[in-house]
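The structure under discussion appears below in the form of structure tokens.
There are 2 protein chains.
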Amino acid sequence: MSIIRQDIATRDWTIFALERAKRPQDYKQEKKIRNNQAYVEDCPFCKGNEHMTPEQRLVIGDPDWKVRVVPNKFAALTTSKQTSYSVQRHKTGLYLSMDGIGEHEVLIESPVHNQHLATMDQAEMEKVIQAYQQRFSVLSKNENYQLIIIFRNHGSRAGTSLEHPHSQLIATPFVPGYIRNRLQEAQRYFDDMGCCVYCDMIEYEIQANKRIIEQTQDFIAFAPYASVSPYNIMVLPKRHQSCFIQAGDDLQRGLATILKKCLIKLHDALMDPDYNYVIDSAPVDKAGEKHYHWHVEILPRLTTRAGFELGSGMYINTILPEECARILSNTQKS
Amino acid sequence: MSIIRQDIATRDWTIFALERAKRPQDYKQEKKIRNNQAYVEDCPFCKGNEHMTPEQRLVIGDPDWKVRVVPNKFAALTTSKQTSYSVQRHKTGLYLSMDGIGEHEVLIESPVHNQHLATMDQAEMEKVIQAYQQRFSVLSKNENYQLIIIFRNHGSRAGTSLEHPHSQLIATPFVPGYIRNRLQEAQRYFDDMGCCVYCDMIEYEIQANKRIIEQTQDFIAFAPYASVSPYNIMVLPKRHQSCFIQAGDDLQRGLATILKKCLIKLHDALMDPDYNYVIDSAPVDKAGEKHYHWHVEILPRLTTRAGFELGSGMYINTILPEECARILSNTQKS
């Protein structure tokens with residue numbers, strides 16, 4: 009019989025139907041041939057092509073840049089001209105809309121086209137995380153940006169068309185219902201139990217020791233009990249922090265270390281799968297609250313969300329997180 | 009500047025970033041070559057291969073069947089042996105799980121392998137809807153099935169691997185948070201305004217006359233004001249009904265008519281795009297409530313949900329629903 013598991017933090021349920029389970033090698037994806045050169049003439053993110061991007065907002069490394077942050081040329085939202093809250097709502101008949109104010113930035117992770125997060129060295133990876141932090145921090149000062157989401161799309165199944173390694177940042181002028189619900193569930197847990205649900209999960213996962221993928225002094229990575237998809241990984245700081253802005257220099261280094269370890273394991277176990285990751289953080293005006301806990305959610309794109317998932321918001325997973333953790337933990341860097 | 013629109017029923021916001029807009033022909037998808045034969049020897053859904061499926065639960069047409077319903081051979085959930093509520097919860101340390109009780113059925117829409125909903129005749133399409141209704145009605149009598157979701161996956165991007173035309177039904181032993189939130193938002197609107205938010209939308213859309221794709225005496229199909237993706241279509245009965253079980257024979261015929269019209273338009277305008285549709289209905293124990301309104305949501309799979317969408321629950325759309333409605337309304341059956 010299948011089993012249905014609840015995510016204690018979001019209270020969402022995942023169906024585990026294990027009859028359909030696959031081995032790691034069954035997930036091997038057809039890849040578009042990647043341009044395996046260090047420099048590509050028409051790539052706007054390659055070193056030497058800086059003139060092809062809008063004006064840079066941050067550069068790390070001088071004179072040889074290591075990470076550059078630029079506005080997205082096809083930005084989904086328009087930069088706010090003011091720093092105090094000034095987003096206009098509009099009523100059209102029955103409906104409500106608001107100005108498309110926000111930020112949409114590209115964080116170019118390397119000057120080298122065929123670089124790869126999983127194969128970067130530690131110092132390079134730290135600079136990527138440093139750029140995340142710096143942009144998060146600067147944009148947080150603008151009241152129009154109610155939520156800042158940093159994410160990475162790796163491979164075409166994960167929604168990227170550009171192969172040069174990069175992450176993105178979008179700042180929105182409101183907190184969407186999906187995030188608001190998560191915050192509320194965590195608040196309810198805190199009201200019931202008097203502690204952060206994520207802190208409780210960390211303590212329990214260390215004690216259970218069945219789903220852990222990596223652990224360092226400051227971070228833990230595990231396969232969540234109600235994983236929404238095969239090889240879903242959650243990376244959390246062990247110390248309670250609601251907002252990503254609270255992570256200092258030490259945690260930047262620690263996050264670079266553990267994230268890199270997880271990505272290498274995925275790369276090696278699943279033959280460089282397409283994936284997304286996203287930094288899930290409380291909005292900046294909630295930094296310091298006791299009930300939320302920022303974390304990184306890694307979602308390999310090994311399956312397709314079909315009508316059932318789209319219509320119900322639920323997921324059917326085919327492999328238990330205990331099994332994924334076992335496979336990933338036993339994966340040695342090749 | 010982009011614009012952000014709110015779905016009045018769910019209160020979710022969609023970002024419209026129109027700089028990236030495409031023409032219909034730009035969406036043309038690479039298709040796997042379809043087996044264009046009426047009969048395929050190893051297809052379990054073809055006429056003559058009935059022995060390859062589990063025992064059928066419903067057949068329409070005798071002796072020549074038109075629609076057959078069978079349990080899914082790789083069911084995500086296990087049929088309940090009892091009709092009174094008997095799903096067990098389990099506590100494992102910090103976490104909660106429940107038995108994987110439910111239903112997972114396949115509705116084979118035609119005996120013919122290379123049939124297509126958009127090209128079926130009206131009588132055939134009516135039998136498909138009749139099968140939806142009959143299974144929904146029978147399964148509703150089992151208290152273990154708290155929510156029944158009927159959906160269709162068309163094409164590999166929509167998550168199907170079998171090309172023989174079919175829909176699916178999944179009955180779950182709980183109502184997921186995603187659906188519960190929708191019900192609650194509709195309830196709140198009712199408490200505020202004294203009427204069903206979907207009824208208000210229908211009235212407003214008829215009056216605004218900018219997003220309508222098809223209209224019959226009993227049904228309306230329009231591109232929602234805050235469409236989550238290009239060519240998103242919502243089909244609603246004009247009369248207030250919260251649960252799909254309330255649609256009688258008349259509405260079965262009416263739904264077959266309008267759904268077929270919409271699918272033909274999508275097929276012709278977008279060159280047979282992959283799509284999902286799902287019947288979004290109140291749980292059966294809420295049939296008769298005043299605040300929800302069952303409908304069919306059609307979601308062409310023209311774009312990929314990337315890290316931002318997965319992490320925020322929000323969508324970035326690149327074309328306004330007014331433009332989609334205009335293009336689809338002008339599409340003549342070829």
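Residue numbers (my numbering), protein chains in the order written: chain P, 9 to 342; chain G, 9 to 342. Think of the CB as a built atom: it goes at the ideal place given N, C-alpha and C, for glycine as much as any other residue.
Beta bridge counterpart(s) of residue i as assigned by DSSP
{"i": "G:I156", "result": "G:A179"}
{"i": "G:R76", "result": "G:V67, G:I116"}
{"i": "G:S10", "result": "P:G108"}
{"i": "G:N325", "result": "G:F24"}
{"i": "G:Q223", "result": "G:I228"}
{"i": "G:L263", "result": "None; G:L263 has no bridge partner."}
{"i": "P:R97", "result": "P:M106"}
{"i": "P:M242", "result": "P:F230, P:E305"}
{"i": "P:V292", "result": "For P:V292, which the question treats as bridged, DSSP gives no partner whatsoever."}
{"i": "P:I287", "result": "P:I158, P:V304"}
{"i": "G:H174", "result": "G:I116"}
Cβ-Cβ separation, residue j to residue i (assumed contact under 8 Å), whole Å
{"i": "P:G167", "j": "G:R313", "result": "7 Å"}
{"i": "P:A84", "j": "G:S10", "result": "6 Å"}
{"i": "G:A333", "j": "G:K218", "result": "7 Å"}
{"i": "G:Y283", "j": "G:H162", "result": "5 Å"}
{"i": "P:H301", "j": "P:L336", "result": "22 Å between Cβ atoms; not a contact."}
{"i": "G:C54", "j": "G:P119", "result": "7 Å"}
Beta-carbon gap between residue i and residue j smaller than 8 Å
{"i": "G:A255", "j": "G:Q176", "result": "no"}
{"i": "G:Q225", "j": "G:N122", "result": "no"}
{"i": "P:M106", "j": "G:I327", "result": "no"}
{"i": "G:E117", "j": "G:V78", "result": "no"}
{"i": "P:A139", "j": "P:L271", "result": "no"}
{"i": "P:Y233", "j": "G:Y103", "result": "yes"}
{"i": "G:K36", "j": "G:V75", "result": "no"}
{"i": "P:P184", "j": "G:D20", "result": "yes"}
{"i": "G:C251", "j": "G:A290", "result": "yes"}
{"i": "P:R241", "j": "P:I157", "result": "Sequence check: residue 241 of chain P is Ile here, not Arg. No."}
{"i": "G:K81", "j": "G:T100", "result": "no"}
{"i": "P:G315", "j": "G:F24", "result": "no"}
{"i": "G:I253", "j": "G:F182", "result": "no"}
{"i": "G:L155", "j": "G:I109", "result": "no"}
Beta carbon proximity, residue i to chain G, threshold 8 Å
{"i": "P:L125", "result": "no"}
{"i": "P:S105", "result": "yes"}
{"i": "P:A166", "result": "yes"}
{"i": "P:Y212", "result": "yes"}
{"i": "P:R160", "result": "yes"}
{"i": "P:L115", "result": "no"}
{"i": "P:G101", "result": "yes"}
{"i": "P:F316", "result": "yes"}
{"i": "P:S92", "result": "no"}
{"i": "P:F230", "result": "no"}
{"i": "P:E151", "result": "no"}
{"i": "P:N240", "result": "no"}
{"i": "P:I178", "result": "yes"}
{"i": "P:I324", "result": "yes"}
{"i": "P:N122", "result": "no"}
C-beta neighbour in chain P for residue i, strict 8 Å
{"i": "G:M201", "result": "no"}
{"i": "G:Q14", "result": "yes"}
{"i": "G:A84", "result": "yes"}
{"i": "G:A321", "result": "Residue identity check: residue 321 of chain G is Gly in the sequence provided, not Ala. Cβ-Cβ to chain P under 8 Å: yes for G:G321."}
{"i": "G:E297", "result": "no"}
{"i": "G:L6", "result": "Because chain G here runs from 9 to 342, residue 6 of chain G falls outside it and cannot be looked at."}
{"i": "G:Y233", "result": "yes"}
{"i": "G:A25", "result": "yes"}
{"i": "G:A216", "result": "yes"}
{"i": "G:I221", "result": "no"}
{"i": "G:S342", "result": "Any answer about G:S342 is weak, because its pLDDT of 44 lies below 50 and its placement is not dependable; what the coordinates show is given next. For G:S342, the answer is no, since every Cβ of chain P falls outside 8 Å of its Cβ."}
Residue i: contacting residues in chain B (beta-carbon distance under 8 Å)
{"i": "P:W302", "result": "Considering every chain present, this structure includes no chain B. Its protein chains are P and G."}
Neighbour list for residue i in chain G, Cβ cutoff strictly below 8 Å
{"i": "P:R19", "result": "G185"}
{"i": "P:M209", "result": "L102"}
{"i": "P:N189", "result": "G185, N189"}
Contacts of residue i in chain P (Cβ-Cβ under 8 Å)
{"i": "G:R313", "result": "G167, R313"}
Neighbouring residues, chain G, relative to residue i (Cβ below 9 Å)
{"i": "P:I11", "result": "H98, S105, M106, D107, G108"}
{"i": "P:F182", "result": "I12, W21"}
Listed by chain order, chain G residues near residue i by CB distance under 7 Å
{"i": "P:V286", "result": "G315, L318, G319"}
Residues that residue i contacts on chain P, provided the C-beta gap is smaller than 7 Å
{"i": "G:I157", "result": "F316, G319, S320"}
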